[in-house]
Amino acid sequence: MIKKSAHEMSQALAGGEITSVQLTQQHLNRIASVDTDVHAFLHVDAEGALAQAASIDAARSRGEKLGPLAGIPLALKDVMTQKGIPTTAGSKMLEGWRPPYDSTVVTNLKSAGIVILGKTNMDEFAMGSSTENSAYGPTHNPWDLSRIPGGSGGGSAAALAAFEAPLAIGTDTGGSIRQPAAVTGTVGVKPTYGGVSRYGLIAFSSSLDQAGPCARTVLDTALLHEAIAGHDPRDSTSINAPVPAVVQAAKSGDVKGMKIGVVKELNGDGYQAGVRSRFEESLELLAKAGAEIVEVSCPNFEYALAAYYLIAPSECSSNLARFDAMRYGLRVGDESGASAESVMNLTRDIGFGREVKRRIILGTYALSSGYYDAYYGSAQKVRTLITQDFEKAFTHADVLVSPTCPTTAFKIGEKSNDPLAMYLNDIATIPVNMAGIGGMSLPCGLAPEDSLPVGFQIMSPAMQDQRMYLVGAALEAALLAQWGAPLLSQAPVMGGAQ
Amino acid sequence: MSSLSRDDVAHLARLARIEMTDEELVNLASEFDVILNAVARVQEVATADVAPTSHPLPLRNVFRPDVVAPSLTPEEALSGAPASEENRFKVPQILGEEA
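Protein chains in written order, with full-length UniProt numbering: chain W, 1 to 498; chain H, 1 to 99.
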């Protein structure tokens with residue numbers, strides 16, 4: 001059962017073929033057998049998950065009306081608070097912290113009856129593209145354990161690809177949902193900014209951060225999207241409007257007459273040959289399904305990466321000031337006579353990893369007087385130019401598309417000493433965050449040269465998230481017809497027969 | 001065009017309240033040459049006629065009704081505190097000895 005989609009599991013639960021307790025136990029067994037190799041989880045809450053599953057089973061046997069994902073297990077990125085459950089954001093700073101409250105995403109998951117298996121590994125405070133920046137060791141890509149699973153949400157994506165969970169939650173500041181989805185052959189969506197509440201999401205860069213759904217199929221992703229989205233009075237940047245009809249779109253997949261814009265600047269030089277060929281083939285499939293393919297140009301996208309690495313560090317230097325060793329989290333050097341400031345300085349040295357410090361210092365510099373206009377101010381202007389590029393492009397096309405990443409998964413350790421090379425991974429995903437629009441990545445095949453998954457990115461205008469689900473469902477159906485089985489059936493078998 | 005010395009980085013680290021070893025300061029200073037030159041590209045197109053964007057949503061002054069709702073108990077609020085005493089956070093010395 002663990003290799004089925006969440007939608008199929010849901011039908012099996014409704015039909016009485018399996019109980020949620022059994023389904024949850026199967027996933028816990030799977031985690032026990034493969035997670036020593038994958039290391040997708042930082043914490044597994046077996047007891048809590050089984051108790052939640054039992055209560056859903058009881059509700060079902062009482063004949064209560066349940067949501068479409070009730071009783072289905074999920075892996076939660078360790079950046080979302082869950083009451084009483086260790087939440088570290090991949091940092092030593094929060095080792096052992098048990099939040100006293102649920103994030104709104106968790107509240108919504110619980111009310112949808114979704115069973116939370118545990119917390120997944122991530123780059124520290126979501127800063128990274130490989131999950132190598134976790135203070136608790138890297139996660140390994142189930143397609144090749146010597147390779148990265150993407151980041152920052154590498155744990156969530158790897159859990160899906162290793163069949164440790166059929167659903168997962170990620171967060172995406174510059175690609176942290178979509179890039180891990182791409183390199184693990186799974187599906188991930190960054191909703192429109194404000195579409196899902198940020199309450200209880202440990203902040204990295206508040207004007208860019210967005211939580212979203214991850215799964216193995218477009219429909220499962222849509223079902224989870226609908227379960228977590230919606231207005232939240234506890235997040236003042238949450239959009240007070242109806243959730244786009246994403247499930248309906250994922251079920252339809254009708255792209256006849258839709259205009260799909262290929263972004264000229266997000267392809268070509270720097271993109272791996274196999275990534276380009278799978279992307280081009282997917283465009284042909286969409287054309288066959290009735291869509292019209294057009295080319296669009298977004299000339300300012302080439303400045304997006306530079307602007308991102310000013311805006312995100314600037315906001316992070318401010319957001320991470322909260323880790324001051326006073327109210328929660330790590331405290332080091334609190335000996336008699338030590339000043340609060342020396343305790344703070346020591347704690348932040350020991351509690352933060354290398355990349356987090358690098359970004360805090362960069363942000364501190366970019367925001368300091370005398371440099372503010374040249375760096376942060378200029379980056380904000382680039383943000384305007386990128387948004388204008390999108391607005392113009394969306395007058396020619398209903399959605400925009402590109403490869404999700406320039407390459408397939410690289411080796412663990414390959415780029416960890418070259419920050420700039422690491423940052424280049426996010427070149428195609430960052431523009432979406434800058435403009436606050438929606439973005440999806442879904443698998444479009446394996447690159448012939450290395451037999452690793454390639455991601456296809458779909459971008460839709462703000463609050464038109466249903467459009468990326470329409471196109472995603474159409475492409476997924478066409479690819480499935482070609483392959484005969486989901487892409488993940490080609491991944492190496494792990495953990496023996498299940 | 002941009003470069004930072006070890007002492008510049010040490011000053012930034014002090015502002016950011018991060019103790020850093022000499023080795024860390026030297027490494028960061030050398031990495032910053034490359035990073036700052038890459039990010040400085042934003043200046044090529046950030047002309048005076050372009051308005052800055054600080055946030056993707058055109059929101060301002062979002063209010064909700066001022067209604068009392070359930071919140072954390074003192075025990076819950078203090079549950080993650082490194083040290084506490086009499087329902088308060090206990091922190092290291094903030095003022096000088098004479099104060």
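For glycine and all other residues, C-beta sits at the position ideal for the given N, C-alpha and C.
Bear in mind that the values here come from a model prediction, so they are computed numbers and not experimental data.
- DSSP, reduced to helix, strand and coil, places residue 68/H outside both helices and strands of the structure shown, so it counts as coil.
- Using a Cβ distance threshold of 8 Å, residue 168/W and residue 142/W do not count as a contacting pair.
- Shown in chain order are the members of the region 53-77 of chain H whose Cβ falls below 8 Å from a Cβ of chain W: 53, 54, 55, 56, 57, 59, 62, 64, 72, 76, 77.
- Where residue 251/W is concerned, the enclosing alpha helix (DSSP H) starts and stops at 246-252.
- At a cut-off of 8 Å, the C-beta of residue 339/W has a neighbouring C-beta in chain H.
- Any Cβ of chain H closer than 8 Å to the Cβ of residue 343/W would place that residue at the interface, and such an atom is present.
- DSSP places residue 422/W inside the alpha helix (DSSP H), whose first and last residues are 419-423.
- The Cβ atoms of residue 91/H and residue 340/W sit closer than 8 Å to each other.
- Taking a beta-carbon distance threshold of 8 Å, residue 38/H counts as an interface residue toward chain W.
- Interface residue (Cβ-Cβ distance to chain H less than 8 Å): residue 25/W is not classified as such.
- In the three-state scheme derived from DSSP, where H, G and I count as helix and E and B as strand, residue 272/W is classed as coil.
- Between the region 187-195 of chain W and the region 446-465 of chain W, the count of C-beta pairs closer than 8 Å reaches three or more; the two stretches touch.
- Around the beta-carbon of residue 25/H, 16 or more other beta-carbon atoms lie within 10 Å, marking it buried.
- Not a single C-beta of chain W is nearer than 8 Å to the C-beta of residue 26/H.
- Residue 171/W is bridged by DSSP to 211/W.
- At a C-beta separation below 9 Å, residue 23/H has no neighbours in chain W, since its nearest C-beta there lies roughly 11 Å away.
- Close partners of residue 13/W in chain H (Cβ separation under 9 Å) are lacking, with about 32 Å as the shortest Cβ gap.
- DSSP places residue 120/W in the strand class (E or B) of the three-state scheme.
- Using a Cβ distance threshold of 8 Å, residue 72/H and residue 361/W do not count as a contacting pair.
- Close partners of residue 372/W in chain H (Cβ separation under 9 Å) are lacking, with about 11 Å as the shortest Cβ gap.
- Collapsing the DSSP output to three states places residue 5/W in coil.
- Under DSSP, residue 458/W forms a beta bridge with 401/W, 440/W.
- Within chain H, the C-beta atoms nearer than 7 Å to that of residue 381/W come from 46, 50, 52, in chain order.
- Chain W has a Cβ within less than 8 Å of the Cβ of residue 13/H.
- Short of 6 Å from the beta carbon of residue 197/W, and not among the five residues preceding or following it, lie these beta carbons of its own chain, in chain order: 104, 232, 235, 238.
- The beta carbons of residue 124/W and residue 91/W sit about 5 Å from each other, so the pair counts as a contact at 8 Å.
- Between residue 162/W and the set 182/W, 408/W, 140/W, 151/W, the nearest pair of CA atoms involves 140/W.
- Using a Cβ-Cβ cut-off of 8 Å, residue 385/W counts as an interface residue toward chain H, since at least one Cβ of chain H sits closer than that to its own.
- Chain H has no Cβ within less than 8 Å of the Cβ of residue 110/W.
- Counted as a single uninterrupted DSSP element, the stretch harbouring residue 73/W is not any alpha helix (DSSP H) but the beta strand (DSSP E) occupying residues 73-77.
- When the Cα atoms are used, residue 454/W and residue 425/W turn out to be separated by approximately 13 Å.
- Excluding residues up to 5 positions away in sequence, 187, 189, 213, 215 lie with their Cβ nearer than 6 Å to the Cβ of residue 221/W in the same chain.
- With contacts defined by Cβ atoms closer than 8 Å, residue 45/W and residue 21/W do not form a contacting pair.
- Taking C-beta separations shorter than 8 Å and ignoring five residues to either side along the sequence, the partners of residue 304/W in its chain run 382, 386, 427, 430, 431, 434, following chain order.
- For the pair of segments examined, the region 275-295 of chain W was found to touch the region 397-414 of chain W: the number of CB pairs separated by less than 8 Å reaches three.
- Residue 415/W counts as buried, since at least 16 other C-beta atoms from the protein chains shown sit within 10 angstroms of its C-beta.
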